[in-house]
Structures are given as C-alpha cells and as structure tokens.
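Student: At position 16 of the sequence shown the residue is numbered 462 (the numbering used here), and the sequence of numbers has no breaks. By construction, the Cβ of each residue, glycine as well, lies at the ideal position given by its N, Cα and C atoms.
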Amino acid sequence: PANTVRGVDNAVLAGSSTVPGVGVPTALLSGRLAADRVTGVTDNVVNRRTITKSGSR
Numbered sequence: 447p448a449n450t451v452r453g454v455d456n457a458v459l460a461g462s463s464t465v466p467g468v469g470v471p472t473a474l475l476s477g478r479l480a481a482d483r484v485t486g487v488t489d490n491v492v493n494r495r496t497i498t499k500s501g502s503r
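#1: Quick check: the Cα distance between ARG478 and GLY453, rounded to an integer number of angstroms?
#2: Are ASN449 and ARG483 touching if we call contact CB-CB under 8 Å?
#3: Are the Cβ atoms of VAL470 and LEU459 separated by less than 8 Å?
#4: Please report the distance separating the alpha-carbon of ALA481 from that of VAL487.
#5: Which residues share a DSSP beta bridge with THR472?
Structure, rendered in structure tokens:
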C-alpha cells in the first residue's frame with residue numbers, strides 16, 4: 447500500500463499526503479495505520495457505529 451517506501455526497508459509514511467487522504471482526521475488515521483504496520487498489527491478495524499462521543503453505545 448501507499449504508506450511504505452518501495453525499495454527502502456523499515457520506512458513507513460504518515461500524514462495528509464499518504465493514504466488515506468487529506469485533513470487532520472485522515473492524517474491521524476494515517477498515523478495509526480503506519481504505527482500498525484510498524485508494530486505488525488494487521489487486523490485493526492474500526493467500526494464507526496461503535497464510536498460515540500459519550501462512549502454510551
């Protein structure tokens with residue numbers, strides 16, 4: 447995927463110019479995806495319906 451550097455071992459990118467897209471929320475998500483790639487996590491799926499402001503769901 448688009449958060450690695452082809453030909454460079456152990457280089458993982460994060461930020462608004464990587465996948466996913468532009469903006470602070472997606473840059474944060476991009477950082478999480480990069481961290482997951484570095485730590486070897488491959489099954490980190492977030493379901494939007496389970497996230498609430500008050501945590502009451």
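Tutor: To lay it out plainly:
#1: 22 Å
#2: yes
#3: no
#4: 8 Å
#5: Answer by DSSP bridge pairing: none, since THR472 is not bridged.
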